[in-house]
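Residue numbers (my numbering): -4 to 182. Cβ atoms here follow ideal geometry from the backbone N, Cα and C, with glycine treated the same way. Right, one structure below, let's go through it.
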């Protein structure tokens, strides 16, 4: 049983749950298609998904924008069928933030909340490299180094109110207060 998925962070194809052929299932902790639950790590029926409708899926993230200088912010992935890491194994969720102007790729270790939510710390970024007060980065959610679901990527905007509020002669109160992007909590 085999299938392939192309990841932003991996130049080669990786296995995927939803594309497992008929009569095959997805081994949750092995990130692989297998023909029977007995072939999965732990050989538990609950660790073998025989139907693509129960595959792990990462659907949305919040927040979609964060101030570039904030510390301690978390990105929350909502979805379905997230696997709980098993104690005693190296199971882990990670968020991979793509490289951007002046920044290299960054990864943070995620935390399993429940089968519909995973959180990852957002790296603290300074204002360097912002273009007109904003910087876009893509984030990919992975479990045991394999992307979660078929759409594990989301966009995250880093912004700086001071840069967004700059007019031609420096800080401009009117310009700052007129920023209409609701995600940019400036004003």
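Can you find at least 3 beta carbon pairs, one from the stretch 101 to 109 and one from the stretch 145 to 152, that sit closer than 8 Å?
no
Which residue spans inside the stretch 106 to 167 form an unbroken beta strand (DSSP E) run of at least 3?
With a minimum length of 3 residues, the continuous beta strand (DSSP E) runs that stay inside the stretch 106 to 167 are 106 to 109, 112 to 116, 129 to 138, 148 to 154.
With a cut-off of 8 Å, do at least 3 Cβ pairs link the stretch 115 to 134 to the stretch 66 to 85?
The count of Cβ pairs closer than 8 Å, one atom from the stretch 115 to 134 and one from the stretch 66 to 85, reaches three, so the stretches are in contact.
Looking at the unbroken beta strand (DSSP E) that takes in residue 73, where does it start and where does it end?
Your numbering for residue 73 matches position 78 in the chain shown. Its beta strand (DSSP E) spans residues 69 to 75.
Between the Cα of residue 142 and those of 58, 26, 83, spot the shortest distance and give me the residue it belongs to.
Taking the first residue of the chain shown as position 1, residue 142 is located at position 147. Cα-wise, what sits closest to residue 142 is 26.
Measure the CB-CB distance between residue 12 and residue 51 and report whether it falls below 8 Å.
As a position in the chain shown, residue 12 is number 17, starting the count at 1. As a position in the chain shown, residue 51 is number 56, starting the count at 1. Going by C-beta atoms, residue 12 is nearer than 8 Å to residue 51.
Span of the beta strand (DSSP E) holding residue 29?
As a working note, residue 29 is residue 34 in the chain shown. Start and end: 27 to 29.
Using 8 Å as the threshold, is the C-beta distance between residue 119 and residue 66 below it?
Against the chain shown, residue 119 aligns to sequence position 124. Against the chain shown, residue 66 aligns to sequence position 71. Contact flag set, yes.
Using only CA atoms, which one of 17, 64, 84, 48 lies nearest to residue 36?
Translated into positions along the chain shown, residue 36 becomes position 41. Closest option to residue 36, Cα to Cα, is 84.
I'd like to confirm the pairing. Which residues does DSSP put opposite residue 98 in its beta bridges?
As a working mapping, residue 98 is identified with position 103 in the chain shown. The partner list for residue 98 (beta bridge, DSSP) reads 95.
Any idea which residues DSSP pairs residue 44 with across the strands?
In the chain shown, residue 44 corresponds to position 49, counting from 1. Residue 44 is bridged to 21.
Along the beta strand (DSSP E) that carries residue 54, what are the first and last residues, could you check?
Numbered from its first residue, the chain shown carries residue 54 at position 59. From DSSP, the beta strand (DSSP E) with residue 54 extends over 52 to 57.
Which of helix, strand or coil DSSP assigns to residue 60
Position 65 of the chain shown holds residue 60. In the structure shown, residue 60 sits in a strand (DSSP, three-state: E or B).
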